[in-house]
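These notes concern the structure reproduced below.
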Ligand SMILES: NC(=O)c1ccc[n+]([C@@H]2O[C@H](COP(=O)([O-])OP(=O)(O)OC[C@H]3O[C@@H](n4cnc5c(N)ncnc54)[C@H](OP(=O)(O)O)[C@@H]3O)[C@@H](O)[C@H]2O)c1
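Residue numbers (this note's numbering): 144 to 388.
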């Protein structure tokens, strides 16, 4: 995969990890399109990243997702990299949560269905390019869930599984399937929790370096250690996550 001249769609490109990826990949000489729900946040992103394209879309609404696909095909026929990064995490206990059904629907729609549907609908366009990639942003919580985010963790575990199957299905094509497993990153999603967070820009640099080298699983040493610990002593990994992951 060449390092510049790509056309890259980043969902959730208006803040946190997605915004940092948008900045890094634009700076490297790629055309980047950032997707988000909030128009003001997208405008602010355009103000800091020169040349950034933005499209407002609520990925939790299937009709808007279909319209996004039509718009991408029409305006960006050279699209060759899709980064499924948008996500949300609600923390709640099932016996106490009054909006339980709404929250379950929303989390699964944005964290699992949207990446699956977007990848499926953009597949024909990606398949026409010389080199293409689908990048799914999962989480260490796909391996070891935490207590107060059952649907978030289940959605990420399913997205991890889908990523692996799709990679096998597409291994004889020009489309690579990549998984980015961030460590704890200092973003709106993690505000007020956790220690030892890294900055989104540091993750974006790590991603750019590993992605263009051809890695299919991109993560940090700390997360690899948690994955290893989960294989060797799953009880210890579980206790760590229950304490506050
Ligand atoms: N931060 C971490 O430590 C961490 C660790 C592991 C994995 N991750 C994963 O990394 C990804 C990015 O997380 P982050 O920490 O950067 O979160 P963030 O700062 O909260 O950003 C989330 C992004 O997703 C967008 N988004 C959310 N719902 C959407 C929807 N319905 N339609 C369109 N866009 C939507 C948001 O845009 P709007 O504000 O406009 O809705 C925003 O741009 C997520 O998939 C998350 O699960 C994060």
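Glycine is no exception: its CB is placed at the ideal position from the N, C-alpha and C atoms.
Remember, predicted model here, so these are calculated numbers, not experimental data.
heavy atom of ligand 1 below 6 angstroms from residue i C-beta
i	result
residue 373	no
residue 287	no
residue 160	yes
residue 261	no
residue 328	yes
residue 293	no
residue 202	yes
residue 301	no
residue 332	yes
Closest by C-alpha distance to residue i, when choosing among the options
i	options	result
residue 201	332, 156, 300 and 267	156
residue 264	214, 195 and 250	214
residue 288	216, 260 and 232	232
residue 211	290, 369, 327 and 198	198
residue 325	185, 257 and 366	366
residue 221	238, 187, 273 and 185	273
residue 159	327, 296, 304 and 238	327
Own chain, CB closer than 6 angstroms to residue i, minus 5 neighbours either side, in chain order
i	result
residue 360	322
residue 254	230 and 298
residue 390	The shown model of the chain, from 144 to 388, leaves out residue 390, and the question about it has no answer.
residue 303	281 and 285
Residue i - partner residues in DSSP beta bridges
i	result
residue 194	In DSSP, residue 194 forms no bridge with anything.
residue 360	322
residue 281	DSSP, once it has assigned bridges, lists no residue as partnering residue 281.
residue 154	178
residue 213	Paired residue(s): none; residue 213 is not in a bridge.
residue 275	318
8 angstroms CB neighbourhood of residue i in its chain, flanking five on each side removed
i	result
residue 172	146, 147 and 148
Contacting residues, own chain, Cβ-Cβ under 7 angstroms from residue i (five flanking each side not counted)
i	result
residue 318	269, 270, 275, 276 and 277
residue 216	268
Supposed contact pair residue j and residue i - C-beta distance, whole angstroms, cut 8 angstroms
i	j	result
residue 152	residue 178	7 angstroms
residue 320	residue 251	Between residue 251 and residue 320 the Cβ distance is about 21 angstroms, and since that is not below 8 angstroms, they are no contact.
residue 223	residue 150	6 angstroms
residue 190	residue 343	Going by Cβ atoms, the distance from residue 190 to residue 343 rounds to 17 angstroms, so no, they are not a contact pair.
residue 234	residue 258	Going by Cβ atoms, the distance from residue 234 to residue 258 rounds to 21 angstroms, so no, they are not a contact pair.
Below-7 angstroms beta-carbon distance, residue i vs any chain E residue
i	result
residue 148	No chain E appears in the structure shown, which is made up of a single protein chain.
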